[in-house]
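Heads up, the thing below is written out as structure tokens.
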Amino acid sequence: MPLPKAELHLHIEGTLEPELAFALAARNGVELPYADTDALREAYRFSDLQSFLNLYYGLMAVLRTERDFEDLANAYLARAAAQGVRHAEIFFDPQAHIARGVALGTVVEGLWAALGSSEENHGVSTRLIMCFLRDESADSARETLEAARPYLDRITGVGLDSAEVGHPPVKFREVYEAAAALGLRRVAHAGEEGPPQYITDSLDLLGVERIDHGLRCMEDPELVARLVRERVPLTLCPLSNVRLRAVDTLADHPLPAMLDAGLLCTVNSDDPAYFGGYVDDNFTAVRSALGLDEQRLRELARNSFLAAFLADDEERRAR
Ligand code: ADE
Ligand code: ZN
């Protein structure tokens, strides 16, 4: 039985399995530049974050209708439940869909058709986190937040993702202030490929409550001390880090050192359809490659509930 856990770093678009991508392509009359699912999987040889993002945004072309987003989310929730997930905080990338002519309402209503009944259907409670693409402009982020106003009862927080290097947190200071004023929780990807300073700036300029990835904090001992002192959760994604070459091999992953340093680490899957595994596959992989014992794995699972945006009663129920 997989450990009960919360998943806090999961891009719903990154759960698009090749089989579903081809089924949606056929349903929507979209032509994919791959002969079949094997040829698509063959293309999953990434050299860095950008090479992954190019393929990832391209494949989103098959997502067009509310039903597509509902099917995508239900497929993820079923897999997540089988891997012990009791609570999932799910990212989505509105700008990537709006840019293709898919309305924000289509995305949110479609996802909500699955998320709204997920506790009954899958035994998984959910939250939705809307991410801004950091390689788009601050104005575009502001317009996206404005467009999201009718859906704020379904959106718990905002995040920041996509190409990190060269797109520092300061660019999004105002839109994060506006999000906070609307009562939204705040997270941001930082220190995946970008420098430790982006982690510091995400805390100080964007007011984030969690750091997504945060791997490169280990280059700055003072930052590590601060993250420990302030109990800032890090949502690590070990299999993603290997596939996107943030680390050479899983055996080189700093997770054990991060836990030893007292950091509040969680383990998550990021884009599981692309990176070779869902969240419990990540747990299993770190257990064997890094020799984490049962106590460490339980600590990681416990941390995931501590770091979640759950009310206390829901937290108890999920465990
Ligand atoms: N979008 C989807 N996955 C991502 C990742 N690992 N980093 C940044 N943006 C992303
Ligand atoms: Zn991510």
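Letter by letter, the sequence shown follows residues 1 to 319 of this note's numbering. Ideal Cβ placement from N, Cα and C applies to all residues, glycine included.
| said: Is any non-hydrogen atom of the ligand ZN found closer than 7 angstroms to the C-beta of residue 48, if you look at the structure I gave you? | reply: By one-based count along the sequence shown, residue 48 stands at place 48. No, since every heavy atom of the ligand ZN falls outside the 7 angstroms radius drawn around the Cβ of residue 48.
| message | At a threshold of 7 angstroms, does residue 161 count as lining the ligand ZN (C-beta to nearest heavy atom)? | response | In the sequence shown, the residue the question calls residue 161 occupies position 161. Under cutoff, so the answer is yes.
| said: Is the beta carbon of residue 243 closer than 8 angstroms to that of residue 91? | reply: In the sequence shown, residue 91 corresponds to position 91, counting from 1. In the sequence shown, residue 243 corresponds to position 243, counting from 1. Contact flag unset, no.
| task | Tell me whether residue 249 is buried or exposed, calling it buried when 16 or more other Cβ atoms sit within 10 Å of its Cβ. | result | As a position in the sequence shown, residue 249 is number 249, starting the count at 1. By the neighbour-count rule (16 or more Cβ atoms within 10 Å), residue 249 is not buried but exposed.
| query | What separation, rounded to the nearest whole angstrom, lies between the Cα atoms of residue 252 and residue 287? | reply | Counting from 1 along the sequence shown, the entry for residue 252 is found at position 252. Counting from 1 along the sequence shown, the entry for residue 287 is found at position 287. Approximately 13 angstroms between the Cα atoms of the pair.
| query | Under the criterion of a Cβ to heavy atom distance below 7 angstroms, does residue 189 qualify as lining the ligand ZN? | reply | As a working mapping, residue 189 is identified with position 189 in the sequence shown. Yes, the Cβ of residue 189 comes within 7 angstroms of a heavy atom of the ligand ZN.
| What do you get for residue 295, buried or exposed, if any count of 16 or more other CB atoms within 10 angstroms of its CB means buried? | For the purposes of this step, residue 295 is taken as residue 295 along the sequence shown, with counting starting at 1. Answer is exposed; the Cβ neighbour count stays below 16.
| field | residue 9 CB to nearest heavy atom of the ligand ZN below 7 angstroms | value | By 1-based counting over the sequence shown, the position of residue 9 is 9. Residue 9: yes, Cβ under 7 angstroms from the ligand ZN.
| Proximity of residue 201 and residue 169 at Cβ, strictly below 8 angstroms | Taking the first residue of the sequence shown as 1, we reach residue 201 at position 201. Taking the first residue of the sequence shown as 1, we reach residue 169 at position 169. Yes. Within cutoff.
| said: Is residue 192 close to the ligand FAD? I mean its beta-carbon at under 7 angstroms from any heavy atom of the ligand. | reply: The ligand FAD is not among the ligands present in this structure, which contains only the ligand ADE and the ligand ZN.
| query | What are the start and end residues of the beta strand (DSSP E) that includes residue 233? | reply | Against the sequence shown, residue 233 aligns to sequence position 233. Taken as a continuous stretch (DSSP letters only), the beta strand (DSSP E) holding residue 233 covers 233-236.
| Hey, is residue 14 close to the ligand ADE, as in C-beta under 7 angstroms from one of its heavy atoms? | As a first step, residue 14 is located in the sequence shown; it is residue number 14 there, counting from the start. True, at least one ligand heavy atom lies under 7 angstroms from that Cβ.
| message | If I measure Cβ to Cβ from residue 19 and keep anything under 7 angstroms in the same chain, skipping five residues before and after, which residues do I get? | response | Counted from its first residue, the sequence shown places residue 19 at position 19. Closer than 7 angstroms at Cβ, skipping near neighbours: 37.
| task | Kindly indicate which residue of 49, 106, 196 has the alpha-carbon position closest to the one of residue 148. | result | Here residue 148 corresponds to residue number 148 of the sequence shown, with the count starting at 1. With distances taken between Cα atoms, residue 148 lies closest to 106.
| field | Assigned secondary structure, residue 126 (DSSP; H/G/I helix, E/B strand, else coil) | value | Along the sequence shown, one-based indexing puts residue 126 at 126. Reduced to three states, the DSSP call for residue 126 is strand.
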